[in-house]
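Residue numbers (this note's numbering): 2 to 254.
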């Protein structure tokens, strides 16, 4: 990419309120690779929670706010396949459903420049080795939105394989959902718990020290279960691993 790309960080609600180190790590990785990273203070929720629970009209101002906040940047990058999936596949639909064709077209233009972190690193910057060091055994859970809605494929795995000192072990039944699914975990708690039990069992069979993923929501769900069972297995976001170096361990970036 010619010049220094000006990238806006969509930090996501969950990272902003519960997992700020994920946002900091995303900035650290992007800046290490030569990007100018801007955090637009006017950003709000992307609206996915409203859309998925039937409050689509209430999501319309959030879609408009997202477009107005982010459309002046070369790219928008988020450490979340879930939020990027909403931007790409829901925003224009919501705008059209409530009669704002001009907004829908602006949303489509911005959606084409909105990326999940691993997509941006591999597809846009053309990088798999980001200079990270993480001497731990790691297994990777491919989150549903990144896998199915965005089709990121093995990009996160390619990034992890290039991390110095990291031993990547395959996760059995990796493509199975962890059971979170936003309000699904609340409205269908028994089913969600059963799905989580399957996912935790798969993680534990790997012998990994760390379960990584690209969505804080899934890591919160899996990590909560692993913690309650006192397994000793940690959950760490992909961005935190990629930000980690010999001098800066994960969670300190």
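All C-beta atoms, glycine included, are put in the ideal place defined by N, C-alpha and C.
Shown here, residue 44 sits in coil according to DSSP, grouped into three states, outside any helix or strand. In this structure residue 246 is buried. Its beta-carbon is surrounded by 16 or more other beta-carbon atoms within 10 angstroms.
With fewer than 16 neighbouring CB atoms inside 10 Å of its own CB, residue 231 falls in the exposed class. With respect to the 8 angstroms criterion, residue 24 and residue 215 are not classified as neighbours on the basis of their beta carbons.
For the pair residue 161 and residue 169, the CB atoms are nearer than the 8 angstroms cut-off. Within the same chain, and ignoring the five residues on either side of residue 35 in sequence, the residues whose Cβ sits closer than 7 angstroms to its Cβ are 5. Within the segment 116 to 150, the complete beta strand (DSSP E) runs of at least 3 residues fall at 138 to 141.
Using a C-beta cut-off of 8 angstroms, the segment 143 to 153 makes contact with the segment 116 to 131, since at least three inter-stretch Cβ pairs fall below that distance. The Cβ-Cβ distance between residue 95 and residue 64 falls below 8 angstroms.
In the three-state DSSP reduction, residue 36 falls in the coil class, being neither helix nor strand.
At the C-beta level, residue 239 and residue 213 come within 8 angstroms of one another.
If you draw a straight line from the Cα of residue 68 to the Cα of residue 32, it comes to about 24 angstroms. When secondary structure is reduced to three states using DSSP, residue 9 falls in the strand class. Rounded to whole angstroms, residue 11 and residue 88 show a C-alpha spacing of 11 angstroms. Using a C-beta cut-off of 8 angstroms, the segment 100 to 107 makes no contact with the segment 176 to 185, since fewer than three inter-stretch Cβ pairs fall below that distance.
Between residue 166 and residue 114, the alpha-carbon positions lie close to 33 angstroms from each other. No residue range can be given for residue 91, since it is assigned to no beta strand (DSSP E) and is classified by DSSP as neither H nor E. Nearest to residue 40 by alpha-carbon distance, out of 48, 62, 17, 49, is 17. In this structure, residue 203 lies near residue 172, with their beta-carbon atoms less than 8 angstroms apart.
Remark: C-beta atoms of residue 80 and residue 147 do not approach each other more closely than 8 angstroms. Take residue 234, set aside five residues on each side of it, and the residues of its chain with a beta-carbon closer than 8 angstroms to its own are 204, 205, 209, 210, 211, 212, 227, in chain order.
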